[in-house]
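Notes follow once the structure below has been shown.
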Amino acid sequence: MEAERAYLFRHALLREAAYQLQLPSDRARLHALAFDVMEGILGGQPPDAPPLDLESPRMTPHPTDTCAVDLFAQARAASATDGGSGSPTAPGLYRSREKLYLRRAAEHFETVYRLDQARMAWERYAERVSGRERGLALRRAALAAGLRDEPSAAQALFSAALSLVREAGDRRADGVVQGEMANLLRDTARVEEAEMAYDSALAILREVGDLGLEGTVLGNLANLFRLTGRPGPAENLYRRALRISRGTGNTRGEGIALGNLALLHEESGRPGEAEALDKEAIILLRRAGDLRSLGMAVSNLGNLLKDTGRESEAEAAYLRALGIAREVGSRRSEGAAMGSLASLYRRAGRLAEAEEAYDKALALVRETGDSRSEGLLLGNLANLLQELGRLEEAKSACVEGLAIARRVRDRRIEGSILGILASVTMNSGQMAGSEPLWDLAIEAAREAGNAHHVGSHLCKRGLVKVSLGRTVEGFRDWREGMTILRGLGDAYEMKTAVDEMREQCARSGAQFPEEPGA
Numbered sequence: 379m380e381a382e383r384a385y386l387f388r389h390a391l392l393r394e395a396a397y398q399l400q401l402p403s404d405r406a407r408l409h410a411l412a413f414d415v416m417e418g419i420l421g422g423q424p425p426d427a428p429p430l431d432l433e434s435p436r437m438t439p440h441p442t443d444t445c446a447v448d449l450f451a452q453a454r455a456a457s458a459t460d461g462g463s464g465s466p467t468a469p470g471l472y473r474s475r476e477k478l479y480l481r482r483a484a485e486h487f488e489t490v491y492r493l494d495q496a497r498m499a500w501e502r503y504a505e506r507v508s509g510r511e512r513g514l515a516l517r518r519a520a521l522a523a524g525l526r527d528e529p530s531a532a533q534a535l536f537s538a539a540l541s542l543v544r545e546a547g548d549r550r551a552d553g554v555v556q557g558e559m560a561n562l563l564r565d566t567a568r569v570e571e572a573e574m575a576y577d578s579a580l581a582i583l584r585e586v587g588d589l590g591l592e593g594t595v596l597g598n599l600a601n602l603f604r605l606t607g608r609p610g611p612a613e614n615l616y617r618r619a620l621r622i623s624r625g626t627g628n629t630r631g632e633g634i635a636l637g638n639l640a641l642l643h644e645e646s647g648r649p650g651e652a653e654a655l656d657k658e659a660i661i662l663l664r665r666a667g668d669l670r671s672l673g674m675a676v677s678n679l680g681n682l683l684k685d686t687g688r689e690s691e692a693e694a695a696y697l698r699a700l701g702i703a704r705e706v707g708s709r710r711s712e713g714a715a716m717g718s719l720a721s722l723y724r725r726a727g728r729l730a731e732a733e734e735a736y737d738k739a740l741a742l743v744r745e746t747g748d749s750r751s752e753g754l755l756l757g758n759l760a761n762l763l764q765e766l767g768r769l770e771e772a773k774s775a776c777v778e779g780l781a782i783a784r785r786v787r788d789r790r791i792e793g794s795i796l797g798i799l800a801s802v803t804m805n806s807g808q809m810a811g812s813e814p815l816w817d818l819a820i821e822a823a824r825e826a827g828n829a830h831h832v833g834s835h836l837c838k839r840g841l842v843k844v845s846l847g848r849t850v851e852g853f854r855d856w857r858e859g860m861t862i863l864r865g866l867g868d869a870y871e872m873k874t875a876v877d878e879m880r881e882q883c884a885r886s887g888a889q890f891p892e893e894p895g896a
């Protein structure tokens, strides 16, 4: 038998027993030796960490970073007795190395999007510091938990961080943490609480004169306004945030503001402007290295490409966004991209693929507690179910989605689902019963500034009125809707509207109306 193999420990219990037979001081010396050897092989001790702050520069990468957790574990074991009796090292040296490598591990895990491990490392780092620094470490743990779509854990960590920075009298950190907690409240549909937190954060950041952070919070408040059907105020805030980002040289902030403004333009019927802004945002976010925001911008561009009839380009964009979401570990973003892909498959007639994708998307958003996206997906799934002839299932999905949309106060989603429910009602043979639903859908879509839905809903209401013998009114609605869709370049919805009106005119004995702009 080879000598080397003779000394291998092949059983975990045997290995542990041998370990425990060593005296604590001997074990500590052995861990100290293992630490010194590992650190030496990996290039020696890295530079000390800069003080932890709200915007601490990331530490310069070092070869030890990939093994920082192992070095932390060895340093912790070595510091149990400060290296043990007779250690050649000064007392406390390994405790300082333990803290250094824990900090480096936390930052390294953030960089490579291993957010569960980043959160754990920041929490353990917080146990080794106090006061303001402890609060800032818990804030980083909260951000990691939020990005991991763990809202309950994130809120508890943010609350603890907020208490500590307030005790330390750090007003700027107070404003930052409140703004970040507001994002969490917004994403978990607590609209009133979120708006109050944003207002409080803005007041503090203006008090301390931090224009750059004020711009960030303004952009996030604009997102809340857009989601709750206030497009005018949202656009004003996006533009203010954009001016601040450009003025302060914040490339990432500029890219995010442009992407959000593009989304608002696309929803309100300005596709040309939206596409140009989206492409500019993608360039800036790639330059800034913000993969998470880049994925969202790519997905939004996919929506615009889909709505303007460029299905193959849209599919490529969605698949790219899906890949980025998986790379950064964002199940929320993965669910959104998967849902968009499902909608594209439905429009392309790939119904089996669409249903499978909707099921996966719903599982992801439910797992992350993203109620707003769940409501939207339920409405889109209902659209597919009615195409498959499963009208009762479609109606149930609409009712469930509508309840969610109203709970989170998202008029954009509410208008969409009301339109789908009206369509299901029509296809169930209840033409007269669908008209008041179309009225409500159009009202919600107008309030939310969603031009696509206003146009398509008007065309559908026109069909209903023609079927009920009110041909002049019906043609007026249909022409208005077609004018909007033509301005948006939405070839898919225009073709659908034309085909459906031709069929309805044939059934009603009416002459097909002249198409506006044709």
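Converting from the sequence shown to my numbering requires adding 378 to each position, the first position being numbered 1. Here a beta-carbon is modelled for each residue, glycine too, at the ideal position from N, C-alpha and C. On a predicted model such as this, the values are computed, not experimentally measured, just so you know.
Between G590 and I622, the CB-CB gap stays under 8 angstroms. Counted as a single uninterrupted DSSP element, the stretch harbouring G827 is not any alpha helix (DSSP H), since DSSP gives it neither H nor E.
A contact between stretches requires three or more CB pairs, one per stretch, nearer than 8 angstroms, and the region 604-613 meets this requirement with the region 820-829.
By the criterion of at least three beta-carbon pairs nearer than 8 angstroms, the region 722-729 is not in contact with the region 503-510. A buried status is given to S845, since no fewer than 16 other beta-carbon atoms sit within 10 Å of its beta-carbon. Three or more beta-carbon pairs separated by less than 8 angstroms are not found between the region 639-657 and the region 843-861, which leaves the two stretches without contact.
If only complete runs of 4 or more residues are kept, the region 703-780 shows the alpha helix (DSSP H) at 709-725, 729-746, 749-765, in order along the chain. Counting only unbroken stretches of 3 or more residues, no beta strand (DSSP E) element lies wholly within the region 822-880. In the DSSP annotation of this structure, the continuous segment of the alpha helix (DSSP H) that includes P611 starts and ends at 609-626. In the structure shown, F603 adopts helical secondary structure according to DSSP, grouped into three states. V777 and L799 have their C-alpha atoms some 8 angstroms from each other.
Beyond the five residues adjoining it in sequence on each side, V706 comes within less than 6 angstroms, by CB distance, of Y491, L669, R670 in the same chain, given in chain order. Restricted to the region 527-595, the alpha helix (DSSP H) segments that are unbroken, complete and at least 4 residues in length are 529-545, 549-565, 569-586, listed in chain order. Distance from D548 to T746 at the Cβ level is roughly 31 angstroms; contact not present, criterion being Cβ atoms closer than 8 angstroms. The DSSP-derived three-state label of F487 is helix.
Nearest to G865 by alpha-carbon distance, out of R664, V832, D877, is V832.
Taking each of R568, K773, R784 in turn and checking the Cα distance to S801, the smallest one comes out for K773. In the same chain as L430, and ignoring 5 residues on each side of it, the C-beta atoms closer than 6 angstroms to its own belong to E511, L514, in chain order. Taking the CA atoms as reference points, E771 sits about 12 angstroms from S806.
In summary, D748 is buried, with 16 or more beta-carbon neighbours lying within 10 Å of its beta-carbon over all protein chains present.
C-alpha of L815 to C-alpha of A546: approximately 55 angstroms in a straight line. Taking the CA atoms as reference points, P428 sits about 23 angstroms from A538. Taking the CA atoms as reference points, M559 sits about 19 angstroms from S751. Within the same chain, F890 come within 7 angstroms of R880 by CB-CB distance, once the 5 residues on both sides are set aside.
By the neighbour-count criterion, in which a residue is buried when 16 or more other Cβ atoms sit within 10 angstroms of its Cβ, R665 is exposed. Taking a C-beta distance under 8 angstroms as the contact criterion, A619 and G597 qualify as a contact pair. The three-state secondary structure of T803, taken from DSSP, is helix. For P649, the enclosing alpha helix (DSSP H) covers residues 649-666.
Annotation for A575: Q556, G557, M559, A560, L563 place their beta carbon closer than 8 angstroms to its own, counting only its chain and skipping 5 residues before and after. Note that the C-beta distance between R550 and D494 is not below 8 angstroms. Here E505 is exposed. Its C-beta has fewer than 16 other C-beta atoms within 10 Å. K657 is classed as exposed because its beta carbon has fewer than 16 other beta carbons within 10 Å across all chains shown. Counting the other CB atoms within 10 Å of its CB gives V595 a total of 16 or more, which places it among the buried residues. Counting only the Cα atoms, D685 lies some 24 angstroms from A600. Take D565, set aside five residues on each side of it, and no residue of its chain has a beta-carbon closer than 6 angstroms to its own. Contact between S711 and Y696 is absent: CB atoms are separated by about 12 angstroms, not below the 8 angstroms threshold.
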